[in-house]
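Chains as they are written, first to last, in our numbering: chain X, 906 to 1250; chain A, 906 to 1250. The beta carbon of each residue, even a glycine, is placed where N, CA and C say it ideally should be.
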């Protein structure tokens, strides 16, 4: 079944998509339906704002990304930015531009994904814009959240001797993308043949349905740890480490042997004949957290599940380097020490 | 001179465009350069959020819209949404998606317009996203502002007997668009011939460089008037009146003879053989304010410069109607009482 968007019109489509949306958070005073949303944040909180613009053909490929997953991911990557400030996402606005190719049912799918993500993370949809596009789909999401005034974590606070931590594992989302691209190329036009993803489910999930590390932010709070610097890993560990060190005016040493990598990622890199560490350092789209803590927190952080110590911050003149398993030092470059070929992920 | 965007890269382009941006507002605590911007609003204020997504070919045509004007307008229309809540815009985030057709110099122009608008209206640029697009330019702006808790004005508060007011004049932006479209078609391919806009400068200005009615919000505050309902006129007076009446559960009567129309708009409608009132009622993109006040404010509002009384709110069962000069009643329709052919403006 296909209902044309023109049959509803702009206002009809907005009404249809936002039907039944309720505001759950106390800070959401008024949502969709006026010139602006109205929020009320308590005095002891600061307001965090992050925004993202996703373009079809650049950030996502609808030949293998289901619209519901796309909606989920588009929302979650914005939540991730708020967690990366040690904050909590509370509201989003969703703007969509769509070409005639898309039906009302397509938009229902996309919105179902966005609404599911909001439900999982306790975020309200408070506004947005729906408009047409001459080509393809564009999604712009702005996320608003809150953080305790004294506990917001910036990229610039890392200090010499601080420990460098990452959550989860790295490189799997990138491997998932490689896998999807390969299968797309192999099976192009041959509709009878189905791609075989057996044993590679984790990679697909990491690429298609990433999660933001709300759990880690909670654990850090429970353990009374405020990182000295933090950001989420969207462009790859190497690039993000450079951001933290540049903004903190420090150097760093990270150890290849400590970079957390999943078994499926390793198998896939082998299959693709790719350097596994390069994939983990530069892959991007992991949406894990990279953060630093004072050395005094060593004991507490070591026993925290889902967090791995991968190195330490140094004085700036030592530069930023990866120490390989055989003890060699490779300087990190802005795009990673051994950059993958240019990619648009 | 043309500098390719690829020569700077994403981070380089962001650095280049945001160089020298300073935060002027007390509520802007941290701007560009981290995972999220950090804002701090005082307790007695509510936070207002509005967002807009503009797509090339749908919302703007670069054959006749200079990039600097486009940037200015993209920012101002968002400010207008915040004023329409009786608030003050304080911050924006700017996300851009651009195809290879655009150079660094093009983006400088666009950003110069955005920065000029921010300077004029006292708004800080606190974040954004810059990415690539396969086709054309997409601009997504989110505006954050503040309003006094007790003085925020919604669309739903109009009451029977309230007076209906509009600011400025209507239909000129739409006429400006018609003019630009006509000249584009006439001169397509004939590079030697220049379009003649003499005597029509006001129409072009209204289309290409609209302003938000900050001045009126100030005047209302000075006169101690809090409208019972308000919105800005972006889709046309007729459509906006319907929104206010639907949300307020009222009807309305507006009088054709009181609709404010500029002389140039009238001349142009004559030239195009268009019904002038239809243009004024349905034109769109005026970014004037439509608001209602209690009848007790009649004296105060009558003497306010730049504000025109055009009718009054009624009980819901009377419906929404325009009274023509010869005393006939025309029911307002969702898209206006005599809709213009479908347009994408």
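Buried or exposed: where does residue i fall if 16 or more other Cβ atoms within 10 Å of its Cβ makes it buried?
i	result
residue 918/A	buried
residue 974/X	buried
residue 907/A	exposed
residue 1253/A	Because chain A here runs from 906 to 1250, residue 1253/A falls outside it and cannot be looked at.
residue 1128/X	exposed
residue 936/X	buried
residue 1102/X	exposed
residue 1178/A	exposed
residue 1067/A	buried
residue 1054/X	exposed
residue 1234/A	exposed
residue 914/X	exposed
residue 1202/A	buried
residue 1180/X	exposed
residue 1162/A	exposed
residue 1100/X	exposed
residue 1130/X	buried
residue 912/X	exposed
residue 1051/X	buried
residue 1206/X	buried
residue 979/A	buried
residue 1105/X	buried
residue 1123/X	exposed
residue 925/A	exposed
residue 1200/A	exposed
residue 1029/A	buried
residue 927/X	exposed
Hey, residue i and residue j are a contact pair by Cβ (cut 8 Å); roughly how many whole angstroms apart?
i	j	result
residue 1218/X	residue 989/X	Contact doesn't hold; Cβ gap of about 18 Å is too wide.
residue 1132/X	residue 949/X	20 Å between Cβ atoms; not a contact.
residue 1049/A	residue 953/A	7 Å
residue 1022/A	residue 969/A	The Cβ separation is near 20 Å, so there is no contact.
residue 1060/A	residue 939/X	5 Å
residue 869/A	residue 1108/A	Because chain A here runs from 906 to 1250, residue 869/A falls outside it and cannot be looked at.
residue 1223/X	residue 1070/X	Incorrect: roughly 19 Å between the Cβ atoms, too far for contact.
residue 1058/X	residue 933/X	Not quite, the Cβ-Cβ distance comes to about 24 Å (not below 8 Å), so this is no contact.
residue 1115/X	residue 1176/X	So it is not a contact: roughly 22 Å between Cβ atoms.
residue 1211/X	residue 1121/X	6 Å
residue 1164/A	residue 1182/A	7 Å
residue 1140/X	residue 1194/X	Contact doesn't hold; Cβ gap of about 14 Å is too wide.
residue 1002/X	residue 1047/X	Not a contact, Cβ separation roughly 15 Å.
residue 1134/X	residue 1197/X	5 Å
residue 1026/A	residue 994/A	6 Å
residue 1014/X	residue 972/X	4 Å
residue 1236/A	residue 1225/A	7 Å
residue 942/A	residue 996/A	7 Å
residue 985/A	residue 1174/A	Not confirmed; about 24 Å, so no contact.
residue 1254/X	residue 945/A	Missing from the structure shown is residue 1254/X; chain X here goes from 906 to 1250 and no further.
residue 1142/A	residue 1186/A	5 Å
For residue i and chain D, any beta-carbon pair shorter than 8 Å?
i	result
residue 1046/A	Any reference to chain D falls outside this structure, whose protein chains are X and A.
Is there at least one non-hydrogen atom of the ligand HEM closer than 7 Å to the beta-carbon of residue i?
i	result
residue 916/A	This structure lacks the ligand HEM; in fact it carries no ligand of any kind.
Contact the region 958-967 of chain A vs the region 1041-1055 of chain A: 3+ CB pairs below 8 Å:
yes
(Q) Any C-beta of chain A within less than 9 Å: which residues of the region 921-952 of chain X qualify? (A) 932, 934, 935, 938, 939, 940, 941, 942, 943, 944, 945, 946, 947, 948, 950, 951, 952
#### Entry: Ranges of the alpha helix (DSSP H) found wholly within the region 1150-1179 of chain A, counting only runs of at least 4
1168-1176
* **Residues of the region 1120-1142 of chain A with Cβ closer than 7 Å to any Cβ of chain X, in chain order** => 1136, 1137
Residues in the region 980-991 of chain X having any Cβ partner in chain A nearer than 7 Å:
986, 987, 989, 990
Three or more beta-carbon pairs under 8 Å between the region 1147-1155 of chain A and the region 1004-1020 of chain A, yes or no? no
Closer than 8 Å is the cut-off here; do at least three beta carbon pairs connect the region 1076-1093 of chain X with the region 1157-1173 of chain X?
yes
Are the region 1225-1234 of chain A and the region 1085-1094 of chain A touching by the rule of at least three beta carbon pairs closer than 8 Å? no
Give, in chain order, every residue of the region 954-969 of chain A whose Cβ lies closer than 9 Å to some Cβ of chain X.
954, 955, 956, 957, 958, 959, 960, 961, 962, 963, 964
Selection of the region 990-1006 of chain A by Cβ proximity to chain X, strictly under 9 Å | 990, 992, 996, 998, 999, 1000, 1001, 1002
Along the region 1018-1040 of chain A, what residues have a CB closer than 8 Å to any CB found in chain X? 1031, 1032, 1033, 1034, 1036, 1037, 1038, 1039, 1040
inquiry  = Extract the residue ranges of the alpha helix (DSSP H) inside the region 1067-1155 of chain A, only unbroken runs of 4 or more that lie entirely within it.
reply    = 1077-1091, 1106-1113, 1119-1127, 1142-1153
_Please list, in chain order, the residues of the region 1053-1068 of chain A that have any C-beta partner in chain X closer than 7 Å._
1057, 1059, 1060
For this session: Please go through the region 992-1078 of chain A and give each complete alpha helix (DSSP H) segment of 4 or more residues, from N-terminal end onward.
Result: 1009-1026
If the cut-off is 8 Å on Cβ atoms, which residues from the region 1140-1165 of chain A count as contacting chain X, listed in chain order?
1152
message: At a CB distance below 8 Å, what residues from the region 1067-1089 of chain A approach chain X? Give them in sequence order.
response: none
Which runs of the beta strand (DSSP E) fall wholly inside the region 929-979 of chain X and span at least 3 residues, in chain order? 933-935, 942-944, 950-960
task: Check distances from the C-beta atoms of the region 1184-1198 of chain X to those of chain A and list, in chain order, the residues that come in under 9 Å.
output: none
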